[in-house]
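**Student:** Below are the structure tokens for one structure; questions will follow.
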Amino acid sequence: MSSEVRAVVAVKKGAPVEVQRIVVPDPGPGEVLVAVQACGVCHTDLHYREGAINDDFPFLLGHEAAGTIEAVGDGVGELAPGDYVVIAWRAPCGGCRSCRRGRPWYCFDSLNATQPMTLLDGTPLSPALGIGAFAEKTLVAAGQAVKVDPAARPEAAGLIGCGVMAGYGAAVNTGGVGRGDTVAVIGCGGVGNAAIAGASLAGARRVIAVDIDDAKLDRAERFGATHTVNSRGTDPIEAVRELTGGFGVDVAIDAVGRPETYRQAFYMRDHAGTLVQVGVPEPEMKIELPLIDAFSRGGAIKSSWYGDCLPTRDFPILIDQYLSGRLDLGGFVSETIALDEVEEAFAQMHRGAVLRSVVVL
1 MSSEVRAVVA VKKGAPVEVQ RIVVPDPGPG EVLVAVQACG VCHTDLHYRE GAINDDFPFL
61 LGHEAAGTIE AVGDGVGELA PGDYVVIAWR APCGGCRSCR RGRPWYCFDS LNATQPMTLL
121 DGTPLSPALG IGAFAEKTLV AAGQAVKVDP AARPEAAGLI GCGVMAGYGA AVNTGGVGRG
181 DTVAVIGCGG VGNAAIAGAS LAGARRVIAV DIDDAKLDRA ERFGATHTVN SRGTDPIEAV
241 RELTGGFGVD VAIDAVGRPE TYRQAFYMRD HAGTLVQVGV PEPEMKIELP LIDAFSRGGA
301 IKSSWYGDCL PTRDFPILID QYLSGRLDLG GFVSETIALD EVEEAFAQMH RGAVLRSVVV
361 L
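Numbering (the UniProt record's numbering), first residue to last: 1 to 361.
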């Protein structure tokens, strides 16, 4: 039988979210039903609410989640009821041209549940990033549910499902940060601090945090920043060069996604350095750079999608690092809230008062 559960729904563009009762089907072939234990409040959820991604309202929000498998559909052999999982929004299909070339982290046909979750009147819901986890239960493709060590607290573990993985992977996977490298990270929110933590764990000898907020810069030191630069009153390019013997960094990570921060990251690199953009820009934003600079400075300019991660490989690694005390996932959790407090969490996000509010069910 299907389940009737409480969930956070964005009914129309720009309107406050509502807690409604929705219908979640029993899992069909290749699907699993997850009892959600915790789900982080991410900027992407706010983008859905504001219609900045598409207009497929109503949306079932939430996607940074951990929980337990409640039921599995036909053909699901790798998961069983009671398994503790983190939900990924990319589940490689195994058959697209990218998967066939051995690059499943770029999968072009990521798997999702095929059955819709609905409002009580039968209206289909659009789940955020194919997950929809601001709900007591959610239905996802089996490939989206990644089994991890159940010792990890769900309010911390769920965050690797999106923001932490995006930032950590931007440094480790996309940027290829290695031992002895110098790194600058622009923007010290959740994604930026995860990039700082990833760079530190990868062995970078200098990790420079750049932001316009001293409180955020103080937090960045908790995650491994060795130096901080407040760019509100200081030229960050010159400051980063001064901290690297005049050369610039090996890897510059833009965790903001604005033309000015992209330009800063481009010019604070050493020659042949790497720029990684992980902050998501608005569609109308443009960047103009002298082509001679792009040529003469060399190196690489990369965009990082979901930290170029392979969830089945990377999620358990991050959980192990958390449980061993090397990755401070708990430090990303600013507050725990109930389902009916998500709208206020969006306001907290706007004020820059939190790294992550986390819904606990």
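Note that beta-carbon positions come from the ideal geometry of N, C-alpha and C, so glycine has one too.
As the structure is a computational prediction, the values presented were derived from the model and not from experiment.
#1: Just checking my contact of Pro-150 with Gln-37 at CB under 8 Å: how many whole Å lie between their CB atoms?
#2: Check Ile-186 in the structure and name its three-state DSSP category.
#3: How would you label Thr-244, buried or exposed, when you count the other beta carbons within 10 angstroms and need 16 or more for buried?
#4: What span of residues does the alpha helix (DSSP H) with Gln-144 cover, start to end?
#5: Can you tell me which of the three DSSP states Asn-230 falls into?
#6: Residues in the same chain with beta-carbon distance under 8 Å from Thr-123, minus the five sequence neighbours each way, listed in chain order, please.
#7: Which residue spans inside the region 49-81 form an unbroken beta strand (DSSP E) run of at least 3?
#8: Just to check my reading of the structure: Gly-28 and Val-76 have Cβ atoms closer than 8 Å, yes? What is that Cβ distance to the nearest angstrom?
#9: Identify which residue in Ala-353, Val-342, Gly-307, Arg-90 has its Cα closest to the Cα of Gly-167.
#10: Does the region 268-284 come within contact of the region 130-150, defined as at least 3 CB pairs closer than 8 Å?
#11: When the Cα of Leu-318 is compared with those of Val-32, Ala-202, Arg-179, which residue comes out closest?
#12: For Lys-147, collect the residues of the same chain with a Cβ closer than 6 Å to its Cβ; drop the 5 residues on either side in sequence, then sort them by chain order.
#13: To the nearest angstrom, how far is it from the Cα of Val-276 to the Cα of Leu-361?
#14: Use the C-beta contact count for Ser-200: other C-beta atoms within 10 angstroms, 16 or more gives buried, fewer gives exposed.
#15: According to DSSP, Val-240 sits in a beta bridge with which residue or residues?
#16: Hey, how far is the Cα of Gly-73 from the Cα of Val-210?
#17: Could you tell me if Ser-296 is buried or exposed, where buried requires 16 or more neighbouring beta carbons within 10 angstroms of its beta carbon?
#18: Tell me the rounded alpha-carbon separation between Leu-323 and Ala-152.
#19: Please state whether the Cβ-Cβ distance between Leu-79 and Ala-7 is less than 8 Å.
#20: Which residues in the same chain have their Cβ closer than 6 Å to the Cβ of Ala-252, if we skip the five residues on either side of it in sequence?
#21: Given a cut-off of 8 Å, decide if Ala-170 and Val-278 are closer than it, judged by their beta-carbon atoms.
#22: Inspect the beta-carbon positions of Pro-16 and Glu-260 and report whether they are closer than 8 Å.
#23: Roughly how many angstroms separate the alpha carbons of Glu-284 and Glu-70, rounded to a whole number?
#24: Just checking, does the region 327-337 make contact with the region 352-359 on the three C-beta pairs under 8 Å criterion?
#25: Would you tell me roughly how many angstroms separate the C-alpha atoms of Tyr-262 and Asp-254, rounded to the nearest one?
#26: Using CA coordinates, which residue listed in Thr-114, Tyr-106, Leu-46 is at the minimum distance from Val-32?
#27: Let's test the definition: count the other Cβ atoms within 10 Å of the Cβ of Pro-104 and tell me whether it reaches 16, buried, or not, exposed.
#28: With DSSP run on the structure shown, which of helix, strand or coil describes Val-164?
#29: To the nearest angstrom, report how far apart Glu-282 and Thr-68 are at their CA atoms.
#30: Of all the beta strand (DSSP E) runs that stay within the bounds of the region 78-141, which reach a length of 3 or more residues?
**Tutor:** Quick look at the numbers:
#1: Counted from its first residue, the sequence shown places residue 150 at position 150. Counted from its first residue, the sequence shown places residue 37 at position 37. Taking the Cβ atoms as the reference, Pro-150 lies roughly 11 Å from Gln-37, outside the contact range of under 8 Å.
#2: The count along the sequence shown starts at 1 and reaches residue 186 at position 186. Reduced to three states, the DSSP call for Ile-186 is strand.
#3: Taking the sequence shown and counting its residues from 1, one reaches residue 244 at position 244. Thr-244 is classed as buried because its beta carbon has at least 16 other beta carbons within 10 Å across all chains shown.
#4: Indexing the sequence shown from 1 puts residue 144 at position 144. Going by DSSP, Gln-144 is part of no alpha helix (DSSP H) at all; its letter is neither H nor E.
#5: By one-based count along the sequence shown, residue 230 stands at place 230. In the displayed model, Asn-230 falls within a strand according to three-state DSSP.
#6: Taking the sequence shown and counting its residues from 1, the one referred to as residue 123 is at position 123. Pro-58.
#7: Within the region 49-81, the runs of beta strand (DSSP E) at least 3 residues long that lie entirely inside it are, in chain order, 64-72.
#8: Position 28 of the sequence shown holds residue 28. Position 76 of the sequence shown holds residue 76. The Cβ separation is near 10 Å, so there is no contact.
#9: The residue labelled residue 167 in the question sits at position 167 within the sequence shown. When only C-alpha atoms are compared, the closest one is Gly-307.
#10: Touching, no, given that fewer than three Cβ pairs across the two stretches are closer than 8 Å.
#11: If you number the sequence shown from 1, residue 318 lands on position 318. Restricting attention to Val-32, Ala-202, Arg-179, the CA atom closest to the CA of Leu-318 is found in Ala-202.
#12: Here residue 147 corresponds to residue number 147 of the sequence shown, with the count starting at 1. Counting only Cβ-Cβ distances below 6 Å, and skipping sequence neighbours, we find Asp-83, Val-85.
#13: The sequence position of residue 276 within the sequence shown is 276, counting from 1. The sequence position of residue 361 within the sequence shown is 361, counting from 1. Computed Cα separation, rounded: 35 Å.
#14: Mapped onto the sequence shown, residue 200 falls at position 200. With 16 or more other Cβ atoms from the protein chains shown falling within 10 Å of its own Cβ, Ser-200 counts as buried.
#15: By 1-based counting over the sequence shown, the position of residue 240 is 240. Listed as beta-bridge partners of Val-240 by DSSP are no residues whatsoever.
#16: Residue 73 sits at position 73 when you count from the first residue of the sequence shown. Residue 210 sits at position 210 when you count from the first residue of the sequence shown. So the alpha carbons of these two residues sit roughly 47 Å apart.
#17: Numbered from its first residue, the sequence shown carries residue 296 at position 296. Per the 10 Å Cβ criterion, exposed.
#18: Locating residue 323 in the sequence shown gives position 323, where the first residue counts as 1. Locating residue 152 in the sequence shown gives position 152, where the first residue counts as 1. Whole-angstrom Cα-Cα distance: 7 Å.
#19: Stepping through the sequence shown from its first residue, residue 79 is reached at position 79. Stepping through the sequence shown from its first residue, residue 7 is reached at position 7. Not in contact: Leu-79 and Ala-7 (Cβ atoms no closer than 8 Å).
#20: As a first step, residue 252 must be located in the sequence shown, where it is residue number 252. Within the same chain, and ignoring the five residues on either side of Ala-252 in sequence, the residues whose Cβ sits closer than 6 Å to its Cβ are Ala-184, Ala-265, Met-268, Arg-269, Leu-275.
#21: Along the sequence shown, one-based indexing puts residue 278 at 278. Along the sequence shown, one-based indexing puts residue 170 at 170. Yes.
#22: Position 16 of the sequence shown holds residue 16. Position 260 of the sequence shown holds residue 260. Taking 8 Å as the cut-off, the Cβ atoms of Pro-16 and Glu-260 do not count as close.
#23: Within the sequence shown, the letter at position 284 stands for residue 284. Within the sequence shown, the letter at position 70 stands for residue 70. A direct Cα-to-Cα measurement between Glu-284 and Glu-70 gives close to 43 Å.
#24: Using a Cβ-Cβ distance cut-off of 8 Å, the region 327-337 and the region 352-359 are in contact, since at least three pairs of beta carbons, one from each stretch, lie closer than that value.
#25: If you number the sequence shown from 1, residue 262 lands on position 262. If you number the sequence shown from 1, residue 254 lands on position 254. Cα-Cα distance, rounded: 6 Å.
#26: Residue mapping note: residue 32 aligns to position 32 of the sequence shown, counting from 1. That would be Thr-114, whose Cα lies nearest to the Cα of Val-32.
#27: Numbered from 1 along the sequence shown, position 104 holds the residue referred to as residue 104. With a 10 Å radius around the Cβ and a threshold of 16 neighbouring Cβ atoms, Pro-104 comes out buried.
#28: By 1-based counting over the sequence shown, the position of residue 164 is 164. Taken through DSSP and simplified to helix, strand or coil, Val-164 comes out as helix.
#29: Working through the sequence shown from its first residue, we reach residue 282 at position 282. Working through the sequence shown from its first residue, we reach residue 68 at position 68. Distance from the CA atom of Glu-282 to the CA atom of Thr-68, rounded to whole angstroms, is 35 Å.
#30: Runs of the beta strand (DSSP E) inside the region 78-141: 84-87, 137-141.
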